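In my numbering, the protein residues as written are 1 to 173.
Where a beta carbon is used, it is the ideal one built from N, C-alpha and C, also for glycine.
All values derive from a computational prediction rather than experimental measurement.
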């Protein structure tokens, strides 16, 4: 008597299918790149048009603040890899919304808001700069891990906070 062998029924490999699906999604999202709104050479509304910014302070701001708080963002290579690029874009947009040194002169208080004049709002923004730097909240630790030269020493923090005090006095004059 001859025994019939049934062909082996292959069970679907769901893990493999999910992995392939995720890979296809990751490849597909690489074609959806966020805008990179920077490198505007327009200095009309730069903070230097409102208060004096010494070269030493400008160098510190450029190294530690400008990637997220100006129109001179230096996008790293990994900003082209999604979803990292989306996260960076969101982070940069949030930073610019909070304070954009390139648009400092154009700050306008909101109607009915806490600050009734442009000068009062600018003063508050400068006060926040000093506070964030003194407390070590800025630049963000997640930024300084990758950009080691952006980490501020105590001496550099003092240079910035002294400049802020001077700039706030300029605003009041």
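Hey, residue 161 and residue 133: beta-carbon distance below 8 angstroms or not?
Contact flag set, yes.
So the alpha helix (DSSP H) residue 143 belongs to, where does it begin and stop?
Run containing residue 143: 141–146, per the alpha helix (DSSP H) assignment.
Got a sec, what are the start and stop residues for the alpha helix (DSSP H) residue 160 sits in?
Unbroken alpha helix (DSSP H) run through residue 160: 154–172.
Using the C-alpha atoms, what's the distance from residue 155 back to residue 35?
Linking residue 35 to residue 155 through their CA atoms gives a straight-line distance of about 36 angstroms.
Under 8 angstroms between the Cβ atoms of residue 164 and residue 107?
No.
Stretch-stretch touch, CB-based, cutoff 8 angstroms, three pairs: the stretch 76–91 with the stretch 38–56
As far as the Cβ criterion goes, the stretch 76–91 does not touch the stretch 38–56, which means the pair count is below three.
Would DSSP call residue 131 helix, strand or coil?
Secondary structure at residue 131: helix, using DSSP grouped into helix, strand and coil.
Residue 53 versus residue 93 - alpha carbon distance:
Whole-angstrom Cα-Cα distance: 24 angstroms.
Around the Cβ of residue 73, are there at least 16 other Cβ atoms within 10 angstroms (buried) or fewer (exposed)?
Buried: at least 16 other Cβ atoms inside 10 Å.
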